[in-house]
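Working notes, beginning with the structure itself.
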Amino acid sequence: MLINFKIFTFYISSSSVLLTQLLKVVSGGVASNQYVRTHLNQIAEKNGLQLVCPPPRLCTDNGVMIAWTGIEHFIAGRFDDPPAVDEPDDLQYDLRPRWPLGEEYSDGRCVARSMKTARVHPSLASMIQGSVH
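Positions -28 to -1, 1 to 105 (mature numbering (1 follows the signal peptide of the UniProt record, and there is no 0)) are the ones given, in order, by the sequence shown.
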């Protein structure tokens, strides 16, 4: 957690794009963490920014945020066309129980990969496909 926070601190401090806007909003599960809120507020104040966070009771990971992520990816063109009804794999969807920050969904379905080398969780669909074959 500390290493990720230091990376985030460096990114915020060195990003002229982020610093050109005077108001920052942090929400979701991250904003419910008082340690993170306190340190983000210190960074914001140091850089002349105003940090706004909803009350912690409203900062939970939920379906609305998941749906909004889907909308953002759809608008950016990162989605699969629906499979044809007569395709044998028309019931397979690429479910992502964990979607690491920064990972792009650029080519549709995920390819199964070694968790030892990738250090990320594979998609649920690829795990299911791998267990069937």
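The beta carbon of each residue, even a glycine, is placed where N, CA and C say it ideally should be. This one's a predicted model, so the numbers in the text were calculated from it and none came from an experiment.
Taking 7 Å as the limit between beta carbons, can you name the residues of its chain near residue i, skipping five residues before and five after?
i	result
Asn12	Checking the displayed sequence, the identity of residue 12 turns out to be Leu instead of Asn. Excluding residues within five positions, the ones whose Cβ falls inside 7 Å are Val(-3), Leu23.
Ala16	Lys(-5), Gln22, Leu23
Phe51	His45
Thr32	Gly1, Ser4
Run through the DSSP bridge pairs and tell me what residue i is partnered with.
i	result
Lys18	Bridge partners of Lys18: none, in fact.
Arg(-4)	It should be pointed out that residue -4 corresponds to Val in this sequence rather than to Arg. Val(-4) is bridged to Val24.
>> Three Cβ pairs or more, each shorter than 8 Å: is that satisfied between the segment 2 to 10 and the segment 24 to 35?
In response: yes
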